[in-house]
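Residue numbers (UniProt numbering): 1 to 368. Where a beta carbon is used, it is the ideal one built from N, C-alpha and C, also for glycine. Just so it is clear, the structure is predicted and the values come from calculations on it, not from any experiment. Note sheet for the following structure.
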């Protein structure tokens, strides 16, 4: 260190040790704490309690613009009405591009209809009809957030009509239903009782907190399916015979194709049936969807599926003895409304005779 820097450092130490500087530091320390403690007394407390002078009270019309939520008991619903037929046209124009004409969903957009009885499945279909417990949620969301790129563009009556059509698509109301503020609370959602208060603290946590079993936890072993049958494990030359035997024992044989059907026509009908698959299922594991399962429909009496909720029009046709003969199916697929007026099927029909013949052949090829 240079001589000048040593002299300056020494001078600073000397000044700090001087009695005059020591008294100044003590005085400053003694005054600082009382000053900080007295600072709140200097603030204008009445002014702070009255507010900061920012903003203003919201006007009644501003509150009304935001007060648009609908409660489960119907509180907040505006006056209005809408029927299923009007809602069908509006849904086709404003909603079907994403949700499909029948609420079946396009690509990965949400499915709105069907799914009843699937909530306990490994891949449940959660729709308005199968999952939503409150109708108010549907009305509120449609009116507030839909259509996707044009929120708040639906007036009150349009919203009532679209909600009525979605209810109809889920077999909750009939095709002549009109939804209003007065009958809103009378609509019963299928899954209204499907929700309960979260009780995992009392039920699951104690079960998961118990000491885990480490040995001899299962007394027996039961084989339900074999990996080779499920195509999980590829077969080899050594286990091909065993796999084939297991497959023949456990896997159901393919249903024989009825004699007299043209295989080419049946294959063409399978392609045409894709237009029907949005609402109907067919095959070994088929179940009801938006429409009834169609296994064995050719030659069957109308309205014969016990666990499907048919429209009043279809029930009336069934009581009149309607039977789905190939000829009647051809007429029905040409124009459904002429065979079952006011029926629920919104499908416009198949205009080409060869398409109708093909899909009827495909239906005939399916066993009931």
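- Between residue 80 and residue 181, the beta carbon gap of about 7 angstroms places them in contact (Cβ cut-off 8 angstroms).
- Between the segment 322-330 and the segment 189-197 there are fewer than three inter-stretch CB-CB distances shorter than 8 angstroms, so the stretches are not counted as touching.
- In the DSSP assignment, the residues bridged to residue 301 are 323.
- Residue 125 is positioned such that its CB atom lies closer than 9 angstroms to that of residue 115.
- Relative to residue 363, the option among 321, 274 and 307 whose CA is nearest is 274.
- A direct Cα-to-Cα measurement between residue 323 and residue 317 gives close to 9 angstroms.
- Annotated as proximal: residue 131 and residue 119, with beta-carbon spacing under 9 angstroms.
- With contacts defined by Cβ atoms closer than 9 angstroms, residue 183 and residue 127 do not form a contacting pair.
- Within the UniProt domain "Cytochrome c" (82-170), the runs of alpha helix (DSSP H) at least 4 residues long that lie entirely inside it are, in chain order, 84-94, 96-99, 135-145 and 156-169.
- CA-CA distance, residue 332 to residue 95, rounds to 27 angstroms.
- Between residue 281 and residue 293, the C-beta spacing is below 9 angstroms.
- When the beta-carbon positions are compared, residue 350 and residue 338 stay at least 9 angstroms from each other.
- Counted as a single uninterrupted DSSP element, the stretch harbouring residue 179 is not any alpha helix (DSSP H) but the beta strand (DSSP E) occupying residues 178-180.
- Rounded to whole angstroms, the separation of the alpha carbons of residue 51 and residue 200 is 44 angstroms.
- Straight across, the Cα-Cα distance linking residue 196 with residue 122 is about 20 angstroms.
- Inter-residue distance for residue 103 and residue 88 is about 11 angstroms (C-alpha atoms, whole angstroms).
- The closest CA to that of residue 366, considering only 356, 269 and 75, is found on 269.
- In the three-state reduction of the DSSP assignment, residue 278 falls in the coil class.
- In the structure shown, residue 296 adopts coil according to DSSP, grouped into three states.
- Taking the Cα of residue 186 as reference, the smallest distance to any Cα among 291, 164, 264 and 155 is reached at 164.
- Exclusion of the five residues before and after residue 345 leaves 336 as the residues of its chain whose Cβ lies within less than 6 angstroms of its Cβ.
- Here DSSP, grouped into helix, strand and coil, assigns residue 57 to coil.
- For residue 213 and residue 206, the gap between their C-alpha atoms comes out near 15 angstroms.
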